[in-house]
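Inspection log for the structure reproduced underneath, given as structure tokens.
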């Protein structure tokens, strides 16, 4: 794996998430950038940048393949993409079986569970945070 995959993943994510805003009112790309900053390897960083592009943009796994991303990266992104109708526990079970996806999901959950990012914390945010913390414990078992 070389850094060109990381650079390409960042560029693809920036383009795909362009114009999107997160719950805190910040450009959405800051989320995958932060997740990428929490992981160590080039492969993990590439997956971190791409982890939401299938779920939250018009990109497909085929688009990632056409961009030349490795099989490992595409597989991890696919696993990290929660499917319609998939319950959260079965999603986490799949994530836990793929080390690359597991490491990136833990970084994603770490960032998502940081309530200091939000200007106002609602009951829904607290409930979501509880779910994230339970997921962190499960993925660390």
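In my numbering, the protein residues as written are 180 to 320.
Where is the CB? At the ideal position from N, CA and C, for every residue including glycine.
Here residue 208 carries a coil assignment [DSSP, helix/strand/coil]. In this structure, residue 252 places its C-beta atom within 8 Å of the C-beta atom of residue 184.
A residue is called buried when at least 16 other Cβ atoms come within 10 angstroms of its Cβ; residue 317 does not meet this threshold and is exposed.
DSSP places residue 200 within a strand segment (E or B) once states are collapsed to three. Counting only the Cα atoms, residue 292 lies some 16 Å from residue 271. By the neighbour-count criterion, in which a residue is buried when 16 or more other Cβ atoms sit within 10 angstroms of its Cβ, residue 248 is buried.
Shown here, residue 219 sits in coil according to DSSP, grouped into three states, outside any helix or strand. Within the same chain, 281, 318 come within 6 Å of residue 275 by CB-CB distance, once the 5 residues on both sides are set aside.
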